[in-house]
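For reference, the structure is listed below as structure tokens.
Residue numbers (my numbering), protein chains in the order written: chain S, 148 to 349; chain P, 18 to 259.
Here's what the structure looks like:
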């Protein structure tokens, strides 16, 4: 081993954090709007289905061709692949919101912010966590392809290198490091979030 | 506190062939406890939702004092509608604008005997306790009119009686204009200053009757029952509405 693993893992993690954050923020905002506005939803529904089903490889190649082999193109390709998933999940959650509680909020003149934070968001929590878990899994897979095709660092780039050298031991070493990171994210971030958000349940 | 005039000339649901409410006129006097009595499904909840501003698809107007506006309301629904992910106290505080003064909430919790449960999440409360929280929330906002939509309907008789007595106690300490919907005549007599009888489809006011029983006598079931008998004898027109 050359001691390069932490560097490449770090680069990939950074890309993951940036693209995941962008995709989740945009996806939640758009999902809530579509879930609460039937006209917009009807208009964008077809587009959503198209983007949901376009193969990841197509968007990655197009991003690199149109924007060049740069970092922002790589991030954009990941976001485009992840975004439709988040939108669809959050939209379903928004459609299932409890109308009784929304009426209560209107009666007591809750501001928009108060309604979002105290009435809507807690109901969306399971959907957001679902989108987070499935999203992380999806982004890992796509990000490696993105790196393999157009970046000169990161885990995808390294794995490609090892493939050409038939270096199975290194490939397995990277896989183990990757599994460890996933477990850490689940244990240190997602599980505590779940516990805090669901403390009101019997 | 100002008087409130409700005048609904027509309310028809988009899919319905005939109106649910037609030519309904109702005035609410300051700090008066008014009970609406009418058969199930006659449109009482529709009326409350119109007053609350939840339903704006109707012909007519609502006057608060001299102004065409929706009154500031406290609404006690058939089910308590508390936010399950917020504690009892947070549920009350959220209904209030700005920074609520803790003393007022403390006092309301005390009167409704919920001080010990104030930091509990609603799922751990009994139904009777949840109702009491909903009552506190409605009083806490100091509304121009308090709307109550059969709030005791799914409680067993002793619990309903207990919550009813607490409600009256709170209302006597903090008088507000109340519009209380029920189909139980005994309950209405026990609570109201004035009974308003409503007919079904389309909903109209059939008659308005003042309840002369003194507040101190409201717990006396015999007094309630004899007034009920007398009422049914003197006003045969209300019989089909019960």
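In this text, a Cβ means the ideal position worked out from N, Cα and C, and glycines have one as well.
Measure the CB-CB distance between residue i and residue j and report whether it falls below 8 Å.
i	j	result
residue 214/P	residue 55/P	yes
residue 90/P	residue 125/P	no
residue 93/P	residue 87/P	no
residue 302/S	residue 159/S	yes
residue 191/P	residue 169/P	no
residue 235/S	residue 166/S	no
residue 48/P	residue 193/P	yes
residue 158/P	residue 321/S	no
residue 182/S	residue 238/S	yes
residue 227/P	residue 52/P	no
residue 151/P	residue 111/P	no
residue 201/P	residue 95/P	no
residue 50/P	residue 210/P	yes
residue 290/S	residue 156/S	no
Can you pull the DSSP bridge partners for residue i?
i	result
residue 91/P	163/P
residue 24/P	42/P and 78/P
residue 213/P	53/P and 225/P
residue 197/P	52/P and 165/P
residue 84/P	81/P
residue 220/P	38/P
Among the options, which one has its Cα closest to the Cα of residue i?
i	options	result
residue 246/S	52/P, 245/P and 71/P	71/P
residue 114/P	174/S, 196/S, 311/S and 257/S	257/S
residue 208/P	187/P, 171/P and 218/P	187/P
residue 231/S	243/S, 169/S, 266/S and 185/S	169/S
residue 206/P	194/P, 193/P, 241/P and 225/P	241/P
residue 145/P	36/P, 184/P and 67/P	184/P
residue 67/P	162/P, 116/P, 247/P and 210/P	162/P
residue 219/S	193/S, 161/S and 265/S	161/S
residue 44/P	222/P, 141/P and 133/P	222/P
residue 284/S	233/S, 195/S and 341/S	233/S
residue 233/P	251/P, 53/P, 189/P and 216/P	189/P
residue 171/P	147/P, 256/P, 164/P and 121/P	147/P
residue 34/P	21/P, 219/P, 229/P and 236/P	219/P
residue 176/P	112/P, 96/P and 143/P	143/P
residue 105/P	195/P, 136/P and 41/P	136/P
residue 198/S	241/S, 304/S, 242/S and 228/S	228/S
residue 149/P	211/P, 130/P, 166/P and 140/P	130/P
residue 132/P	256/P, 109/P, 246/P and 140/P	109/P
residue 37/P	178/P, 217/P and 258/P	217/P
residue 270/S	249/S, 244/S and 288/S	244/S
residue 273/S	260/S, 287/S and 241/S	241/S
residue 85/P	182/P, 250/P, 259/P and 24/P	24/P
residue 151/S	334/S, 338/S and 305/S	305/S
residue 180/P	258/P, 116/P and 236/P	236/P
Round the Cβ separation of residue i and residue j to the nearest angstrom and send it over; I've been treating them as touching at under 8 Å.
i	j	result
residue 101/P	residue 138/P	7 Å
residue 224/S	residue 293/S	5 Å
residue 298/S	residue 203/S	Residue 298/S to residue 203/S, Cβ: 15 Å. No contact.
residue 26/P	residue 77/P	5 Å
residue 296/S	residue 207/S	6 Å
residue 325/S	residue 317/S	In fact, because the Cβ distance is near 13 Å, the residues do not count as touching under 8 Å.
residue 178/P	residue 245/P	That belief does not hold up - the Cβ atoms of residue 178/P and residue 245/P are roughly 16 Å apart, past 8 Å.
residue 347/S	residue 107/P	With a Cβ gap of about 10 Å, residue 347/S and residue 107/P do not count as contacting.
residue 21/P	residue 81/P	5 Å
residue 249/S	residue 266/S	6 Å
Can you find a heavy atom of the ligand ADP that lies under 7 Å from the Cβ of residue i?
i	result
residue 222/S	Absence of the ligand ADP is noted for the structure shown, with no ligands found whatsoever.
Quick check: the stretch 164 to 176 of chain S against the stretch 268 to 288 of chain S, are at least 3 beta-carbon pairs closer than 8 Å? Result yes; three or more Cβ-Cβ pairs closer than 8 Å.
How do the stretch 57 to 67 of chain P and the stretch 22 to 39 of chain P stand: do at least 3 beta-carbon pairs fall below 8 Å, yes or no? yes
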